[in-house]
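**Q**
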Amino acid sequence: MRLAIFEIVGFVVLLTIVIGMFAGGRPNAARFFATNDIAPRPADLDHVEEWLSRSRRGRVAGGLVGMVLGALGGAPLGTGGMIGGAGIGLLAGAMLGIATGHPRSQPSTSNAQHAWLVARDERDYLPVHATSTTYAIAGLLLAYGIFAIVTAAGPLGRTSAIFAVGFATLLAVPVGRRFQRLTLELRRPEGDTESIRVDDALRASALRGIHHATIGVLLCGLLLLGYAAVSTQTYFGIAHDGHVLVRAEPLSTSLSASTTPADPHRYDVRWRSPDGARHRVRVTVPNRGYTVGTIWPNHGLVGLAYWLTVIGFLGALVQWGRAARAWRRPQRTPPPAPEVFHSTLGSIS
Amino acid sequence: MILAVDGAAGTPPYEQIRAQIARMVGGGVLAPGARLPTIQQLANDLALAPGTVARAYKELERDGIVVSKRRRGTSVAEAPPKMPTKEIRDELDAAVERFALAIRQLGADHDDALGKARRLLEA
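Sequence lines, in order, name chains D and Y.
So the first sequence is numbered by my numbering: it starts at -4 and just counts up by one.
So the second sequence is numbered by my numbering: it starts at 6 and just counts up by one.
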């Protein structure tokens, strides 16, 4: 299997991420308290340490399993599909890991249970423009995918599967929102105002992590759409001014076009299509104006697709890092709740 | 805006939730349009089954106290029925009598109890 430079870079970066997941990013409860300007108390410290380590374990385990499954799933679509699949799996698995890693607090053992009659809303916990950013990227993904299909230079062939997976990453938006909602709806532990501040900061951290993982999945989708677009807006063959004599299917490999010494106008074009079948076409080129080899009908579209692929790839890496380090950022949470009612009530009765 | 459910009380939990929300809306503590927690959030916080909270919300909706919309969740109705002033006063009198009785029966210090009650009311 021959790999292009960007594919080799992709594998190296993914490998670095895997190593980095184990070696670095160890959470630090003291830093979490300092970042969120909360005074650490022994009970809260234990709670935060448990949450941070569970969240990390969930993120790493989910990311690894997702990456392997994604790479296996994407392998039939070529190396680009494999890298994109691994990236989607990594981020989707991390998202799932963060959501399921949030500890469940146990209800109190007394008969009386208390709750604040206030709806917990994700907008109170996420950065200000988080939701609009998510929808903007999803919109860009959808619009670019449709544009790339409409402007493809020829039949989509096997790239239609890559486009389908790219569009499917839009599902990360409702899935991410669902995970965020589940995290918000988890039982709030009983305690005083400071405990609730800690709980709110932890929830906000989880929501932020899921938010960045969601954007990361969408950017993986952009990577895939860009990769598919590059594959469909260029082709290997012989053509002149829109007149195509030979066109290899997108994602074909082992491409060659050679002339015979006896007849320099007669080309022997060979390629292997994505399904593994070998193709050979002999064609006589009428005049010298024909282009033989990789043909780019529209340099602007190919350039756009290429850069969107790069942006998707680098952006997904950045989002992965942000999801992993969400606990280090100061969290946006609702105003602190007043003193908890039942704790004082309990001392009266 | 604390909601309390006592599992040992004779009243079913859904009725306790319904009565408390109705009281808060009727007394004007919960303003028209105020969003209520989702069924799942309230069920988790109160360690109850979601069906219990759903039943309370359904009965409140039937009484015109709250409205439920698919995407926006449950919120207090724009013009909920007001609790009559006499009913509020009667309920307040009954609550104060229960409080005073409990303090006397427990032999608690009156100033201490009143101080705690004041702090709770001001929180």
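All residues carry an ideal CB built from backbone N, CA and C; glycine is no exception.
Since this is a predicted model, take the numbers as computed values, not measurements.
Starting from histidine 260 of chain D, trace the beta strand (DSSP E) in both directions and tell me its first and last residue.
**A** Residues 258 to 267.
**Q** What whole-angstrom Cβ distance do glycine 171 of chain D and isoleucine 144 of chain D have, given they're in contact under 8 angstroms?
**A** The pair is not a contact, with the Cβ atoms about 25 angstroms apart (cut-off 8 angstroms).
**Q** My output table needs one value for tryptophan 291 of chain D: the three-state DSSP class, helix, strand or coil.
**A** Looking at tryptophan 291 of chain D - three-state DSSP - the assignment turns out to be coil, as it is neither helix nor strand.
**Q** Excluding the 5 residues flanking glutamine 326 of chain D on each side, which residues of the same chain have their C-beta closer than 6 angstroms to its C-beta?
**A** The residues are Asn31, Ala196, Ala199, Ser200.
**Q** Look up histidine 206 of chain D in the DSSP assignment and say whether it is helix, strand or coil.
**A** Helix.
**Q** Any residues in the segment 168 to 179 of chain D with a beta carbon nearer than 9 angstroms to a beta carbon of chain Y? Which ones, in chain order?
**A** Taking 9 angstroms as the Cβ-Cβ cut-off against chain Y, the residues of the segment 168 to 179 of chain D that qualify are Arg176, Leu177, Leu179.
**Q** Taking DSSP as the reference, what is the three-state secondary structure of arginine 103 of chain Y?
**A** Here arginine 103 of chain Y sits in helix by DSSP.
**Q** What residues from the segment 55 to 79 of chain Y come within 9 angstroms of chain D, judged by C-beta to C-beta, listed N to C?
**A** Per Cβ criterion, the list reads Gly78, Thr79.
**Q** Does the Cβ of glutamate 102 of chain Y have 16 or more other Cβ atoms within 10 Å, making it buried, or fewer, making it exposed?
**A** Exposed, since its Cβ has fewer than 16 Cβ neighbours within 10 Å.
**Q** Taking Cβ-Cβ distances shorter than 7 angstroms, what residues in chain D pair up with aspartate 50 of chain Y?
**A** Under the 7 angstroms cutoff, chain D gives Ala110, Arg182, Arg183.
**Q** Candidates D/Phe174, D/Ser155, D/Asp258, D/Leu136: which alpha carbon is nearest threonine 164 of chain D's?
**A** Taking only the C-alpha atoms, the option nearest threonine 164 of chain D is D/Leu136.
**Q** Please report the Cβ distance between threonine 229 of chain D and threonine 289 of chain D, rounded to the nearest whole angstrom; I am assuming they are in contact, meaning their Cβ atoms lie under 8 angstroms.
**A** About 6 angstroms separates the two Cβ atoms, so the contact holds.
**Q** What do you get for glutamine 21 of chain Y, buried or exposed, if any count of 16 or more other CB atoms within 10 angstroms of its CB means buried?
**A** Glutamine 21 of chain Y should be labelled buried.
**Q** Out of Y/Ala52, Y/Met29, Y/Val81, Y/Gly56, point me to the one whose CA is closest to valine 10 of chain Y's CA.
**A** Ranking Y/Ala52, Y/Met29, Y/Val81, Y/Gly56 by Cα distance to valine 10 of chain Y puts Y/Ala52 first.
**Q** Does any residue of chain D have a CB that is nearer than 7 angstroms to the CB of proline 37 of chain Y?
**A** Taking Cβ atoms only, chain D never reaches closer than 7 angstroms to proline 37 of chain Y, which makes this a no.
**Q** Mark glycine 341 of chain D as exposed unless 16 or more other C-beta atoms lie within 10 angstroms of its C-beta, in which case mark it buried.
**A** In this prediction, glycine 341 of chain D scores a pLDDT of 39, lower than 50, which makes its location untrustworthy; no coordinate-derived value is stated.
**Q** What did DSSP end up calling threonine 279 of chain D once you bin it into helix, strand or coil?
**A** Of the three classes helix, strand and coil, the one that applies to threonine 279 of chain D here is strand, per DSSP.
**Q** Please work out which residues of its chain come closer than 8 angstroms, Cβ to Cβ, to alanine 122 of chain Y, disregarding the five sequence neighbours upstream and downstream, and give them in chain order.
**A** Closer than 8 angstroms at Cβ, skipping near neighbours: Phe104.
**Q** Going along the chain, which residues of its own chain have a beta-carbon closer than 7 angstroms to the beta-carbon of cysteine 215 of chain D, five neighbours each way excluded?
**A** Closer than 7 angstroms at the Cβ level, and outside the excluded window around cysteine 215 of chain D, lie Gly79, Gly82, Ile83, Leu86, Thr164, Gly307, Ala311.
**Q** Please name the residue in Y/Ala99, Y/Pro55, Y/Met29, Y/Ile108 whose C-alpha comes closest to that of leucine 181 of chain D.
**A** Measuring from the Cα of leucine 181 of chain D, the nearest candidate turns out to be Y/Pro55.
**Q** With 16 other CB atoms within 10 Å as the buried threshold, where does asparagine 282 of chain D fall?
**A** So asparagine 282 of chain D ends up on the exposed side.
**Q** Span of the alpha helix (DSSP H) holding tyrosine 19 of chain Y?
**A** Here the alpha helix (DSSP H) through tyrosine 19 of chain Y covers 18 to 31.
**Q** Return the Cβ separation of serine 253 of chain D and tryptophan 266 of chain D in integer angstroms, given the expectation that the two are a contact with Cβ distance under 8 angstroms.
**A** So it is not a contact: roughly 12 angstroms between Cβ atoms.
**Q** Specify, as a first and last residue, the run of the beta strand (DSSP E) that threonine 129 of chain D falls within.
**A** Where threonine 129 of chain D is concerned, there is no enclosing beta strand (DSSP E), although the alpha helix (DSSP H) it sits in stretches over 125 to 145.
**Q** Mind pulling the chain D residues with CB within less than 7 angstroms of threonine 43 of chain Y?
**A** Result: Ala114, Glu180.
**Q** Distance cutoff 7 angstroms, beta carbons only. Does leucine 97 of chain Y sit that close to anything in chain D?
**A** Taking Cβ atoms only, chain D never reaches closer than 7 angstroms to leucine 97 of chain Y, which makes this a no.
**Q** Taking contact to mean 3 or more Cβ pairs, one atom from each stretch, closer than 8 angstroms, check whether the segment 228 to 243 of chain D and the segment 270 to 287 of chain D are in contact.
**A** The segment 228 to 243 of chain D vs the segment 270 to 287 of chain D: in contact.
**Q** What residue range does the alpha helix (DSSP H) around tryptophan 322 of chain D cover?
**A** Segment: none, tryptophan 322 of chain D is in no alpha helix (DSSP H) and carries neither H nor E.
**Q** Any contact between the segment 234 to 245 of chain D and the segment 122 to 130 of chain D? By contact I mean 3 or more CB pairs, one from each, below 8 angstroms.
**A** Cβ pair count under 8 angstroms is below three, so no.
**Q** What is the DSSP secondary structure of serine 249 of chain D, counted as helix, strand or coil?
**A** Three-state result, serine 249 of chain D: strand.
**Q** Could you give the first and the last residue of the continuous alpha helix (DSSP H) run that contains glutamine 46 of chain Y?
**A** Its alpha helix (DSSP H) spans residues 44 to 50.
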